[in-house]
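Q: Read left to right, the sequence shown gives residues 138 to 218 (my numbering).
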Amino acid sequence: MRVLILLLLLVLCPFLIGMLSFRFLPRNRQSVALTFVTGQLLSFALFEVIAVPCMLLNRYDSFVFTYRIYQVGTVVCTAFG
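#1: Taking the straight line between their C-alpha atoms, what separation do you get for Tyr-204 and Asn-165?
#2: Kindly confirm or deny that the stretch 138-145 and the stretch 187-195 touch, where touching means at least three C-beta pairs closer than 8 Å.
#3: Would Leu-183 and Cys-150 be called neighbours here (beta carbons separated by less than 8 Å)?
#4: So, is Phe-161 buried or exposed, given that buried needs 16 or more other C-beta atoms within 10 angstroms?
#5: Could you name the residues of the same chain whose beta carbon sits closer than 6 Å to that of Val-174, not counting the 5 residues immediately before and after it, in chain order?
#6: Taking only runs that begin and end inside the stretch 144-185, name each unbroken beta strand (DSSP E) of 3 or more residues, in chain order.
#7: Mind checking which residues open and close the alpha helix (DSSP H) that includes Gly-218?
Below, the structure written as structure tokens:
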């Protein structure tokens, strides 16, 4: 069961997040690998946008707060992808 969750988080979610930018790429650049890499980069960017303000503004339990917001953001981006 843990392996399936790991595959979901490391492969499927970045791929679906990368589908958000898929329509903006030219036809000759649309590939599975580029979609996956774009999804990873968008996922990292989402984490940075959420983590920096949370770490600076929250004094205690900032990581738990950041994790919860990031999970919601990941689910929303995956659903729209």
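Idealized CB from N, CA, C, for every residue including glycine.
A: Concretely, from the data shown:
#1: 37 Å
#2: no
#3: no
#4: exposed
#5: none
#6: none
#7: Counting along the chain, Gly-218 falls outside any alpha helix (DSSP H), and DSSP gives it neither H nor E.
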